[in-house]
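Participant: Provided herewith is a single structure, encoded as structure tokens, for subsequent inquiry.
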Amino acid sequence: MSAREQMDRERFFASLDSYFERTLAEHGATPKGVDWNSTAAQQLRFGQLLRVVDPGAPFSLVDYGCGYGALVPYLEQRGLDFTLQGFDVSERMLDHARALYDRPGAVAFTSVEEDLAPADYALASGVFNLRIDVDDDAWTAYALETIDSLDRLSRRGFAFNMLTMYSDRERMREDLYYGDPSLFFAYCKEHCSRNVALLHDYDLYEFTILVRKSESSAPTPAGR
Ligand SMILES: C[S@@+](CC[C@H](N)C(=O)[O-])C[C@H]1O[C@@H](n2cnc3c(N)ncnc32)[C@H](O)[C@@H]1O
Numbered sequence: 003m004s005a006r007e008q009m010d011r012e013r014f015f016a017s018l019d020s021y022f023e024r025t026l027a028e029h030g031a032t033p034k035g036v037d038w039n040s041t042a043a044q045q046l047r048f049g050q051l052l053r054v055v056d057p058g059a060p061f062s063l064v065d066y067g068c069g070y071g072a073l074v075p076y077l078e079q080r081g082l083d084f085t086l087q088g089f090d091v092s093e094r095m096l097d098h099a100r101a102l103y104d105r106p107g108a109v110a111f112t113s114v115e116e117d118l119a120p121a122d123y124a125l126a127s128g129v130f131n132l133r134i135d136v137d138d139d140a141w142t143a144y145a146l147e148t149i150d151s152l153d154r155l156s157r158r159g160f161a162f163n164m165l166t167m168y169s170d171r172e173r174m175r176e177d178l179y180y181g182d183p184s185l186f187f188a189y190c191k192e193h194c195s196r197n198v199a200l201l202h203d204y205d206l207y208e209f210t211i212l213v214r215k216s217e218s219s220a221p222t223p224a225g226r
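Just so we're on the same page, my numbering is the position in the sequence shown counted from 1, plus 2.
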């Protein structure tokens, strides 16, 4: 049985949807509506993730866990030449995303992972944080499987962020997952590509991992 089945994915995604139903009802399609503290914090995360992208050439992107689609105006404001497939398990989020940012031929949104075509890059901001009541081991296994999906969905590279275990203990919440950066760095290095960067220097209680892929970047198992 896969990690996703072990943690009863259907039940988890239903709880996730109820959680974001509340945040959206309170804050609408805004950073607080997807549980970020501010626009600045949301955009700081986008900036870190986009370090995996070569901005000098047109590119295609999968935004995995796209929420209400805030990455779209962020990319547009920077004058980047891109196409984007936004994926989210919450139809509620996607209703907002479609109403705000559907761009025929350039930006589309789906809740069906199987409908996604591999793109140049896959980015995931905030999909590993809220684990509600899933235990640590099941969540770690689920996160690694999701990283495999990001790998499959990207040709040139992918990037994701995660709350860090190096957070102030008194501020940590039971319903959030705080990952071990070295575990996820090692996994990406050994399973996805030899070119992996761990960014843990941008003043949020989290880290970002960038995985760059090319024909010569086969992963390197440790000590071999
Ligand atoms: C913290 S919000 C961030 C949204 C967006 N990435 C942003 O930064 O504005 C996380 C989003 O990921 C979605 N999500 C969580 N786990 C997911 C999964 N396994 N697959 C697809 N979407 C997921 C949630 O429904 C939610 O909309």
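Note that the Cβ used here is the ideal one computed from N, Cα and C, for glycine as well.
#1: Where does the unbroken alpha helix (DSSP H) through D65 begin, and where does it stop?
#2: Taking 7 Å as the cut-off, is the CB of L18 close to at least one heavy atom of ligand 1?
#3: Considering D122, what are the terminal residues of the beta strand (DSSP E) in which it resides?
#4: Specify whether the region 49 to 67 and the region 202 to 212 touch according to this definition: at least 3 beta carbon pairs, one from each stretch, less than 8 Å apart.
#5: Report yes or no: do three or more beta-carbon pairs, one from the region 85 to 95 and one from the region 108 to 118, lie closer than 8 Å?
#6: Ordered along the chain, which non-local residues of its own chain (more than five positions away) have a Cβ less than 7 Å from that of E208?
#7: Taking the alpha carbon of M95 as the point to measure from, which residue in G69, E147, S169, C194 has its own alpha carbon closest?
#8: Just list the residues that DSSP pairs T85 with in beta bridges.
#9: Would you say the beta carbon of V213 is closer than 7 Å to some non-hydrogen atom of ligand 1?
#10: The beta strand (DSSP E) spanning R149 covers which residue range?
#11: Enumerate in chain order the residues of its own chain whose CB-to-CB distance from P221 is below 7 Å, with the five nearest sequence positions on each side excluded.
#12: With a threshold of 7 Å, establish whether the CB of Y76 neighbours any heavy atom of ligand 1.
#13: Check whether the region 140 to 150 and the region 22 to 33 touch, using three or more Cβ-Cβ pairs below 8 Å as the test.
#14: Would L63 and D153 be called neighbours here (beta carbons separated by less than 8 Å)?
#15: Using the Cβ count rule (16 or more neighbours within 10 Å means buried), how would you classify G1?
#16: Going by DSSP in three states, R80 sits in which element: helix, strand or coil?
Facilitator: On the basis of the coordinates in this document:
#1: As a position in the sequence shown, residue 65 is number 63, starting the count at 1. Per DSSP, D65 belongs to no alpha helix (DSSP H); it is in the beta strand (DSSP E), 61 to 66.
#2: In the sequence shown, counting from the first residue as 1, residue 18 sits at position 16. Result yes, Cβ under 7 Å from ligand 1.
#3: By one-based count along the sequence shown, residue 122 stands at place 120. First-last of the beta strand (DSSP E) with D122: 121 to 126.
#4: With a cut-off of 8 Å on Cβ pairs, the region 49 to 67 is in contact with the region 202 to 212, counting three or more such pairs.
#5: Output reads yes: the region 108 to 118 touches the region 85 to 95.
#6: Locating residue 208 in the sequence shown gives position 206, counting from the first residue. These residues qualify, in order along the chain: N163, M164, L165, T166.
#7: Indexing the sequence shown from 1 puts residue 95 at position 93. When only C-alpha atoms are compared, the closest one is G69.
#8: The residue you call residue 85 lines up with position 83 of the sequence shown. Partner residues in the beta bridge of T85, as assigned by DSSP, are S62.
#9: Against the sequence shown, residue 213 aligns to sequence position 211. No, Cβ of V213 sits at least 7 Å from all heavy atoms of ligand 1.
#10: On the sequence shown, residue 149 is found 147 positions in, with the first residue counted as 1. First, the residue type needs correcting, since residue 149 is Ile and not Arg in the sequence shown. Taken as a continuous stretch (DSSP letters only), I149 belongs to no beta strand (DSSP E), being part of the alpha helix (DSSP H) at 138 to 154.
#11: Taking the sequence shown and counting its residues from 1, the one referred to as residue 221 is at position 219. K191, E192, H193, C194, S195, R196, listed in sequence order.
#12: What you label residue 76 is simply residue 74 of the sequence shown in a count that begins at 1. Not so, every heavy atom of ligand 1 lies at least 7 Å from the Cβ.
#13: No contact exists between the region 140 to 150 and the region 22 to 33.
#14: In the sequence shown, the residue the question calls residue 63 occupies position 61. In the sequence shown, the residue the question calls residue 153 occupies position 151. Not closer than 8 Å, so no.
#15: Past the boundaries of the shown model lies residue 1; the chain is included only from 3 to 226, so the question cannot be answered.
#16: Counting from 1 along the sequence shown, the entry for residue 80 is found at position 78. Note: R80 maps to coil in three-state DSSP.
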